[in-house]
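Undergrad:
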Amino acid sequence: MRIPLDYYRIIGLPLQATAEQVEQAYQDRLRQTPHSEYSQETLAARKKLLDVAYEVLSDFEQRSAYDANYLLSNSEVSEEEVALPQIPSEQEEALAVTPHTPMLEVDTPQQLLGALLILYELGEYQRVHYLAEWVLADPSRAFPSFSPNRELSSAMYGDLILTLALAGWELGRELWRQAEYEAAGETVERAHQALVDWEAFPELRQDIASELEKLCPYRIFELLSERDRDEAVPKAIALLEGMFEQRGGIDGEIPDESGLNIDEFLHFIQQIRADLTAPEQEELFAKEAQRPSAVGMYLAACAGIARGFAYWEPHYILKAQGFLNQLQQNYQKPGNTADVYLEQAICTLLLGETETAINQVQKTQETESLAQIQAYASQAGDSPDFLLGLCHYTEQWLESVLFPKFLELADQPASLKDYFASESVQQTLESFQDNAPLQKETEEQQKPAIPPSSPNVSQQEHELKQWHFPVSESDASSEATSPQASSASALRQRKPRRRQRRRLSSQASRIMALIAISGVGLGAIALFGFGVYRGVNALWTNLFDEASPSVELEGEPLAIELNNPLVELPSSESQKQEESAAIPLNRDRAEQIIRTWFDSKAKAFGPDHQIEALDEILTGSLLSSRKAQAQQYEQNNWHQYFSHSLNIESFSYPAENVTTKGQITATIREVAKFYGNGNLNESRSYDSTLKVRYDVVRENKTWRIERIEVLNQ
């Protein structure tokens, strides 16, 4: 095997060096101390190379002959004569050996180890790292004289692994200095993994592991900035979860090697939250909440509120309410409790329980926030409306305080009117009301210290049944009456549900009406007391530092009658249009888009040839081609009748365009009856099941399909 080394490089001198410089350099190289865990055989091989180089360069005649051959090799050696292992294309530039590089031929593994050690000392870390990996994978490639069954000695393997690890470690440091953090981390990880796999050099392994922990925050930042790479964000989250585990949680007190104390680590978490989406944060912090972790609970609650409101999925808000309730109950000291009444009130308001929300907000010690709510309420005129104040405060809090902490929501407005006008939101809230009596019955029997957390739907449904959803006193008392007969019991079970639905509908209508007629701009009055973000720092102080005792307000909570809506609510058609445009793509939205396409298609290709219906759902070249096809149907007196079944397989959207672009994959069954001149044509009729991908864009506040691709049939 030939290594790119010459005697001048071995000694560390240029070609023009004097005899005195050769002597001094040789002595300096002998005094250098390689890593203490190298075997004596490798150290001896290194010294032998130094001795040979010194012997030649210190003797005038030998040096003259060597110089002549050196210069000749520089002018005559062809590229094909360089005997090195095949180098992958991505490493060619870094490891390339020019045709004029003098080569040192090594015949034994011991000579190779000595040469690699010298290359390492010369700073050729990437070359050493690659060559060591290459030899380690199959020593017979480097030494053809080896029989297939012959292996390196354990000492040789140890020195090769040590050289590989040291070179990878130093190469990682070089990349770190160049601010290539993930490349540095991967390189150092490979070095560490080699030591783990071979169970070698435990002290060095610990030192490299410590360096990896120091690199971790930098890698997370870099990975989160590279969302165009599919694996970047999951890897960043995995690294972050690894940091949580090392420290014993977000607010854990176990020291790690990252160099961040508790306060600095919390600040780091605050920084990276703006690079994570609401679903990513909700799933990440919900896991942390189960340690248990007070800060994990609070951050999970914030993410749940943001996710539930922005995506019109109230079950995440209910889950957030559970976290806040447990936080208030389980994390308190005598005379001190976690004051999360404002957040609880916002959750409760978004779940449609206005009386409870008003009662909760009046318990907070956040006097400036209460003053802000009162200021908003006073905008109603002669009769201040506290509910109106809370609604506007909630919108402002969501838009100005909470949303900026989530990548896809930073610039998104918050509208309670749009939220409560959503049919899917109303149906979900009604389902919560239907479960409220059961929740009340089981509340005393089932009080877990930590709310369950999982993103899948079945577990979310389990959570909804498990967690208490507040109901009014009148509804609770009506459920408490003992049944006298099975028919009477069934009747009583039905009646409260109807009352709850009417009550929920009137609550949502009341909120929308208040917002619609108030005329108060969200930016009219600035929020006090939040700064950039009130949450974690204030929570930390309340939970773990001494604070003033909470103040419980005495007297009855405000009783607000929720009557019929004061303004006409939007029609179902306009409501659907607003729903489809206001928030990022979700499963309900995806199904609505595809069903709108089915309806438009049936109109355009049906007997009435309502071709303009395609304008409501298609765009671009797809709209043009489908219109041309529909016009051909009309000209030839053709039409079709369709029936469809639909199953949404998946939906996705780019992080940079979460509210304007998306992709939906669905399995559909389409049954079509084709008619020509009024007669059924069986040969052109069909019943097909297809897997289809739809590319959708948002135009003029409406989702439209710009491309349809059949994936399989």
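Just so you know, we're using our numbering here: the sequence shown kicks off at 1230 and counts up by one.
In this text, a Cβ means the ideal position worked out from N, Cα and C, and glycines have one as well.
Do the CB positions of Leu-1393 and Ala-1429 come within less than 7 Å of each other?
TA: As a position in the sequence shown, residue 1393 is number 164, starting the count at 1. As a position in the sequence shown, residue 1429 is number 200, starting the count at 1. Result no, Cβ atoms of Leu-1393 and Ala-1429 do not sit closer than 7 Å.
Undergrad: Could you tell me whether the segment 1260-1274 touches the segment 1337-1349, where touching means 3 or more Cβ pairs closer than 8 Å?
TA: yes
Undergrad: Based on DSSP bridge pairs, tell me the residues matched to Thr-1931.
TA: Counting from 1 along the sequence shown, the entry for residue 1931 is found at position 702. When DSSP reads this structure, Thr-1931 sits in a beta bridge with Glu-1928.
Undergrad: Starting from the C-beta of Ala-1586, find all residues in its chain whose C-beta is less than 6 Å away, skip the five residues before and the five after it, and write them out in chain order.
TA: Counting from 1 along the sequence shown, the entry for residue 1586 is found at position 357. Within the same chain, Ala-1586 has close Cβ partners Ala-1574, Thr-1577 and Leu-1578.
Undergrad: With DSSP collapsed to three states, give me the class of Glu-1509.
TA: Counting from 1 along the sequence shown, the entry for residue 1509 is found at position 280. It is helical.
Undergrad: Say whether the segment 1893-1911 touches the segment 1868-1879, bearing in mind that this needs 3 or more beta-carbon pairs closer than 8 Å, one atom from each stretch.
TA: At 8 Å Cβ cutoff, the stretches touch.
Undergrad: Spatial neighbours of Tyr-1354 within its chain, please: CB distance less than 6 Å, with the 5 preceding and 5 following residues excluded, ordered by chain position.
TA: For the purposes of this step, residue 1354 is taken as the residue at position 125 of the sequence shown. Hits under 6 Å: Ala-1396, Glu-1399 and Leu-1400.
Undergrad: Between which two residues does the alpha helix (DSSP H) containing Ala-1412 stretch?
TA: Position 183 of the sequence shown holds residue 1412. Start and end: 1410-1426.
Undergrad: Would you decide whether Asp-1916 is buried or exposed? Buried here means 16 or more other CB atoms lie within 10 Å of its CB.
TA: Locating residue 1916 in the sequence shown gives position 687, counting from the first residue. Exposed is the call here.
Undergrad: My output table needs one value for Thr-1918: the three-state DSSP class, helix, strand or coil.
TA: Mapped onto the sequence shown, residue 1918 falls at position 689. Strand at Thr-1918.
Undergrad: Counting C-beta neighbours from all protein chains within 10 Å, is the total for Leu-1909 16 or more, i.e. buried, or is it exposed?
TA: Along the sequence shown, one-based indexing puts residue 1909 at 680. It is exposed - the Cβ of Leu-1909 has fewer than 16 other Cβ atoms within 10 Å.
Undergrad: Taking only three categories from DSSP, how would you classify His-1264?
TA: As a first step, residue 1264 must be located in the sequence shown, where it is residue number 35. If DSSP states are grouped into helix, strand and coil, His-1264 belongs with coil.
Undergrad: Taking only the alpha-carbon atoms, compute the straight-line gap between Leu-1489 and Leu-1658 and give it to the nearest angstrom.
TA: Position 260 of the sequence shown holds residue 1489. Position 429 of the sequence shown holds residue 1658. So the alpha carbons of these two residues sit roughly 43 Å apart.
Undergrad: Suppose the cutoff is 7 Å on Cβ atoms and the five residues either side in sequence are ignored; what does the same chain contact list for Glu-1252 look like?
TA: Position 23 of the sequence shown, counting from 1, holds the residue named residue 1252. These residues qualify, in order along the chain: Ser-1287.
Undergrad: What residues are listed by DSSP as bridge partners for Ala-1901?
TA: Residue mapping note: residue 1901 aligns to position 672 of the sequence shown, counting from 1. DSSP, once it has assigned bridges, lists Phe-1871 and Tyr-1915 as partnering Ala-1901.
Undergrad: Name, in chain order, the residues that DSSP records as bridge partners for Arg-1456.
TA: Walking along the sequence shown from the start, residue 1456 turns up at place 227. DSSP output for Arg-1456 lists no bridge partner at all.
Undergrad: Mind the definition here: the segment 1542-1549 touches the segment 1517-1534 only if three or more C-beta pairs lie below 8 Å; say whether that holds.
TA: yes
Undergrad: For the segment 1490-1498 against the segment 1472-1482, are there 3 or more C-beta pairs whose distance is under 8 Å?
TA: yes
Undergrad: For a minimum of 4 consecutive residues, which ranges assigned as the alpha helix (DSSP H) are wholly contained in the segment 1815-1893?
TA: 1816-1833 and 1849-1864
Undergrad: Apart from the five residues on each side of it in sequence, which residues of its chain come closer than 7 Å, Cβ to Cβ, to Lys-1464?
TA: Taking the first residue of the sequence shown as position 1, residue 1464 is located at position 235. The answer, listed in chain order, is Leu-1452.
Undergrad: Mind checking if Ser-1598 is an interface residue toward chain D, Cβ cutoff 7 Å exclusive?
TA: The displayed structure is made up of one protein chain only, and chain D is not part of it.
Undergrad: Roughly how many whole angstroms lie between the Cα atoms of Gly-1481 and Asn-1876?
TA: Translated into the one-based positions of the sequence shown, residue 1481 becomes position 252. Translated into the one-based positions of the sequence shown, residue 1876 becomes position 647. Looking at the two C-alpha atoms, the distance is approximately 44 Å.
Undergrad: Could you tell me if Glu-1440 is buried or exposed, where buried requires 16 or more neighbouring beta carbons within 10 angstroms of its beta carbon?
TA: Walking along the sequence shown from the start, residue 1440 turns up at place 211. Buried: at least 16 other Cβ atoms inside 10 Å.
Undergrad: Are there three or more Cβ pairs, one per stretch, closer than 8 Å when the segment 1844-1855 is compared with the segment 1929-1936?
TA: Contact between the segment 1844-1855 and the segment 1929-1936 is present: three or more C-beta pairs spanning the two stretches fall below 8 Å.
Undergrad: Can you name the start and end residues of the alpha helix (DSSP H) that Pro-1613 belongs to?
TA: As a working note, residue 1613 is residue 384 in the sequence shown. Taken as a continuous stretch (DSSP letters only), Pro-1613 belongs to no alpha helix (DSSP H), as it is neither H nor E.
Undergrad: Between Thr-1583 and Gln-1656, what straight-line distance do the alpha-carbon atoms span, to the nearest angstrom?
TA: The residue given as residue 1583 occupies position 354 in the sequence shown. The residue given as residue 1656 occupies position 427 in the sequence shown. About 17 Å.
Undergrad: Look up Ala-1650 in the DSSP assignment and say whether it is helix, strand or coil.
TA: Along the sequence shown, read from residue 1 onward, the residue named residue 1650 stands at position 421. If DSSP states are grouped into helix, strand and coil, Ala-1650 belongs with the helices.
Undergrad: Beta-carbon separation of Tyr-1570 and Thr-1593 under 7 Å?
TA: Here the question's residue 1570 lines up with position 341 in the sequence shown. Here the question's residue 1593 lines up with position 364 in the sequence shown. In this structure, Thr-1593 lies closer than 7 Å to Tyr-1570 by Cβ.
Undergrad: Roughly how many angstroms lie between the CA atoms of Glu-1290 and Asp-1296, to the nearest whole one?
TA: Within the sequence shown, the letter at position 61 stands for residue 1290. Within the sequence shown, the letter at position 67 stands for residue 1296. Approximately 10 Å, taken between the alpha carbons.
Undergrad: Give the range of the alpha helix (DSSP H) segment to which Asp-1336 is assigned.
TA: Position 107 of the sequence shown, counting from 1, holds the residue named residue 1336. That residue, Asp-1336, is in no alpha helix (DSSP H); it is neither H nor E in DSSP.
Undergrad: Please report how far the alpha carbon of Glu-1284 lies from the alpha carbon of Met-1385, in whole angstroms.
TA: Taking the first residue of the sequence shown as 1, we reach residue 1284 at position 55. Taking the first residue of the sequence shown as 1, we reach residue 1385 at position 156. Answer to the nearest angstrom: the Cα atoms are 27 Å apart.
Undergrad: Return the chain-ordered list of same chain residues with a C-beta closer than 7 Å to the C-beta of Tyr-1349, the five sequence neighbours on each side being excluded.
TA: The sequence position of residue 1349 within the sequence shown is 120, counting from 1. Hits under 7 Å: Val-1357, Thr-1392, Leu-1395 and Ala-1396.
Undergrad: Taking only three categories from DSSP, how would you classify Leu-1991?
TA: Absent from the model: residue 1991. The displayed extent of the chain is 1230 to 1942, so no value can be given.
Undergrad: Let me confirm a value: Val-1939 is counted as buried when at least 16 other C-beta atoms fall within 10 Å, else exposed. Which label applies?
TA: Counted from its first residue, the sequence shown places residue 1939 at position 710. That one is exposed.
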